[in-house]
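In full-length UniProt numbering, the protein residues as written are 1 to 265.
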Amino acid sequence: MQSKKKIKNKGRLEAESQITPSELESLSEHEETEDEGGEASNENPSNAEMMKAFKAMERQVSGKVDEILSAVVDVKVRLTEAEERISGTEDEIVQLKARNDTLEKQVKSMADKVIDLENRSRRNNLRLVGLPEKEEGSDTCAFLEKFLPETLELGESVTPLIIERAHRIPSSGQKIGQDGKVQPRTVIMKFLNFKQKEHVLKAAKSKGAIAYKGSSLRFFPDLSAELHRQQRKYDAIRQKLRDKGINRHRIIFPARLLLHMETVL
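Pasting the structure below:
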């Protein structure tokens with residue numbers, strides 16, 4: 001009996017030992033797959049847990065969106081208020097600019113009137129440049145009433161000259177001329193008669209250079225500083241005209257250039 005059992009067991013062992021290596025590997029992989037499947041099934045959340053997580057996420061996202069929408073609405077309100085303020089400011093700027101333009105025109109008009117009035121008050125005045133200091137003595141008017149007709153050779157139709165006032169311009173310091181000598185102060189004289197002033201000025205221009213005791217005398221109209229500045233703008237043009245041999249030109253009141261040209265047809 002025992003020998004028969006041994007034979008049967010031996011046959012079983014031999015049958016089990018007949019399993020090939022490939023079958024053994026396949027069996028091992030199947031067991032591992034079952035083990036992993038069991039673990040994965042244990043780790044996967046249930047549908048209820050997933051829905052709960054999704055709803056929590058939805059509430060968070062919804063809250064964030066509400067905050068963003070509220071911030072956008074607030075920014076929109078602020079932008080609207082800013083646009084209204086900017087629009088109001090622009091309207092005020094337009095009004096102020098128009099008002100400023102009106103004021104500028106008024107100021108310019110008033111300045112022109114002041115300049116005109118100042119120059120009209122100087123219409124009877126002449127400036128004498130180059131007369132040596134103290135030559136006029138104590139009575140400048142009396143000296144000029146005698147000096148001008150003799151120096152300019154004025155006719156009897158113009159004399160006697162009547163000079164209402166005359167004085168030298170106060171100077172803050174000595175001015176040195178191109179010859180290195182101290183320039184005498186300018187003499188301003190006011191004629192009682194406008195026509196006499198014009199005769200004297202015309203005679204001085206026609207006479208040209210006037211020499212007196214080593215000095216060169218020059219006569220000029222008495223103009224305001226602003227009008228004098230306006231007339232000086234023509235200096236460069238007049239110099240170019242002289243360079244081209246065109247000498248018939250002069251400045252006429254208030255500040256215009258009068259040019260005489262002879263054309264040959």
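Ideal Cβ placement from N, Cα and C applies to all residues, glycine included. Fair warning: this is a prediction, and the values are worked out from it, not measured in the lab.
Q. So which of Asp243, Asn247, Pro221, Pro254 has the shortest CA-CA distance to Asn125?
A. Start at 1 with the first residue of the sequence shown, and residue 125 comes out as number 125. It is Pro221 whose Cα lies nearest to the Cα of Asn125.
Q. Which stretch, first to last residue, makes up the beta strand (DSSP E) that contains Asn44?
A. Reading the sequence shown from its first residue, position 44 is the one you call residue 44. It is not in any beta strand (DSSP E) - Asn44 carries neither H nor E in the DSSP assignment.
Q.
How far does the beta strand (DSSP E) with Phe191 in it extend, from its first residue to its last?
A. Within the sequence shown, numbered from 1, the residue matching residue 191 stands at position 191. First-last of the beta strand (DSSP E) with Phe191: 187-191.
Q) If you count every other CB in all the chains shown that lies within 10 Å of the CB of His260, and 16 or more means buried, which is it? A) In the sequence shown, residue 260 corresponds to position 260, counting from 1. Note on His260: under 16 other CB atoms within 10 angstroms of its CB, so exposed under the neighbour-count rule.
Q: Let me know if Leu144 comes out buried or exposed under the rule of 16 or more other beta-carbons within 10 Å of its beta-carbon.
A: By one-based count along the sequence shown, residue 144 stands at place 144. Under the 10 Å beta carbon count, Leu144 is surrounded by 16 or more other beta carbons and is classified as buried.
(Q) For Glu226, which residues in the same chain have their Cβ closer than 6 angstroms to its Cβ, ignoring the five residues on either side in sequence? (A) Within the sequence shown, numbered from 1, the residue matching residue 226 stands at position 226. Around Glu226, the same chain offers Ile115 as residues with beta carbons nearer than 6 angstroms, after the five sequence neighbours per side are excluded.
(Q) Using 8 angstroms as the threshold, is the C-beta distance between Ile169 and Thr186 below it? (A) Against the sequence shown, residue 169 aligns to sequence position 169. Against the sequence shown, residue 186 aligns to sequence position 186. Result yes, Cβ atoms of Ile169 and Thr186 sit closer than 8 angstroms.
Q: Enumerate, from N- to C-terminal direction, the unbroken alpha helix (DSSP H) stretches of 4 or more residues contained entirely within the region 180-243.
A: Fully enclosed alpha helix (DSSP H) runs of 4 or longer: 194-207, 225-232, 235-243.
Q) Taking DSSP as the reference, what is the three-state secondary structure of Ala56? A) The residue labelled residue 56 in the question sits at position 56 within the sequence shown. Reduced to three states, the DSSP call for Ala56 is helix.
**Q.** Integer-rounded CB distance, given that Leu192 should sit under 8 angstroms from Glu164
**A.** Sequence index remark: in the sequence shown, residue 164 carries index 164 (1-based). Sequence index remark: in the sequence shown, residue 192 carries index 192 (1-based). The pair is a contact, with the Cβ atoms about 5 angstroms apart (cut-off 8 angstroms).
Q) Mind checking whether Cys141 and Ala111 have CB atoms under 8 angstroms apart? A) Numbered from 1 along the sequence shown, position 141 holds the residue referred to as residue 141. Numbered from 1 along the sequence shown, position 111 holds the residue referred to as residue 111. Contact flag unset, no.
Q. Roughly how many whole angstroms lie between the Cα atoms of Val72 and Glu81?
A. Here residue 72 corresponds to residue number 72 of the sequence shown, with the count starting at 1. Here residue 81 corresponds to residue number 81 of the sequence shown, with the count starting at 1. When rounded, the distance between both Cα atoms is 14 angstroms.
Q. Asn100 to Ile93, Cα distance in whole Å?
A. Numbered from 1 along the sequence shown, position 100 holds the residue referred to as residue 100. Numbered from 1 along the sequence shown, position 93 holds the residue referred to as residue 93. So the two alpha carbons sit approximately 10 angstroms from each other.
Q: Could you check if residue 275 is buried or exposed, using at least 16 other CB atoms within 10 Å of its CB as the buried criterion?
A: The structure shown does not extend to residue 275, since the chain is modelled only from 1 to 265, so the question has no answer here.
Q: Just the C-alpha distance for Gln106 and Ile237, rounded to the nearest angstrom, thanks.
A: The residue labelled residue 106 in the question sits at position 106 within the sequence shown. The residue labelled residue 237 in the question sits at position 237 within the sequence shown. Their backbone Cα atoms lie some 32 angstroms apart in a straight line.
Q | Asn124 (DSSP reduced to helix, strand or coil) | A | Translated into positions along the sequence shown, residue 124 becomes position 124. Coil at Asn124, not helix or strand.
Q: Could you give the DSSP three-state label for Leu257: helix, strand or coil?
A: As a first step, residue 257 must be located in the sequence shown, where it is residue number 257. Note: Leu257 maps to strand in three-state DSSP.
(Q) Let's test the definition: count the other Cβ atoms within 10 Å of the Cβ of Gln95 and tell me whether it reaches 16, buried, or not, exposed. (A) For the purposes of this step, residue 95 is taken as the residue at position 95 of the sequence shown. Residue environment analysis places Gln95 among the exposed positions, since fewer than 16 neighbouring C-beta atoms fall within 10 angstroms of its C-beta.
**Q.** 7 angstroms Cβ shell around Pro132 - same chain, five flanking residues per side excluded
**A.** Numbered from 1 along the sequence shown, position 132 holds the residue referred to as residue 132. Counting only Cβ-Cβ distances below 7 angstroms, and skipping sequence neighbours, we find Pro184, Lys213, Ser215.
Q) Quick one: what does DSSP say Glu164 is sitting in, helix, strand or coil? A) Your numbering for residue 164 matches position 164 in the sequence shown. In this structure, DSSP gives Glu164 an extended state, which the three-state scheme calls strand.
(Q) Assuming contact is defined by CB atoms lying nearer than 8 angstroms, are Gly130 and Leu217 in contact in what I supplied? (A) Residue 130 sits at position 130 when you count from the first residue of the sequence shown. Residue 217 sits at position 217 when you count from the first residue of the sequence shown. Yes, they are a contact pair.
Q: Would you list the residues sitting across from Arg85 in a DSSP beta bridge?
A: Taking the sequence shown and counting its residues from 1, the one referred to as residue 85 is at position 85. Here Arg85 is not bridged, per DSSP, to any residue.
Q) If we call anything under 8 angstroms between Cβ atoms a contact, is Leu154 one with Phe219? A) Mapped onto the sequence shown, residue 154 falls at position 154. Mapped onto the sequence shown, residue 219 falls at position 219. In this structure, Leu154 lies away from Phe219, with their beta-carbon atoms at least 8 angstroms apart.
Q. When DSSP builds the beta bridges, which residues end up paired with Val129?
A. Here the question's residue 129 lines up with position 129 in the sequence shown. Its beta-bridge partners are Arg218.
(Q) Is the beta carbon of Ala255 closer than 8 angstroms to that of Gln231? (A) Reading the sequence shown from its first residue, position 231 is the one you call residue 231. Reading the sequence shown from its first residue, position 255 is the one you call residue 255. If you check the CB distance, Gln231 and Ala255 come in under 8 angstroms.
Q. Using the rule of at least 16 other Cβ atoms within 10 Å of the residue's Cβ for burial, across every protein chain shown, is Glu136 buried or exposed?
A. Stepping through the sequence shown from its first residue, residue 136 is reached at position 136. Classification for Glu136: buried.
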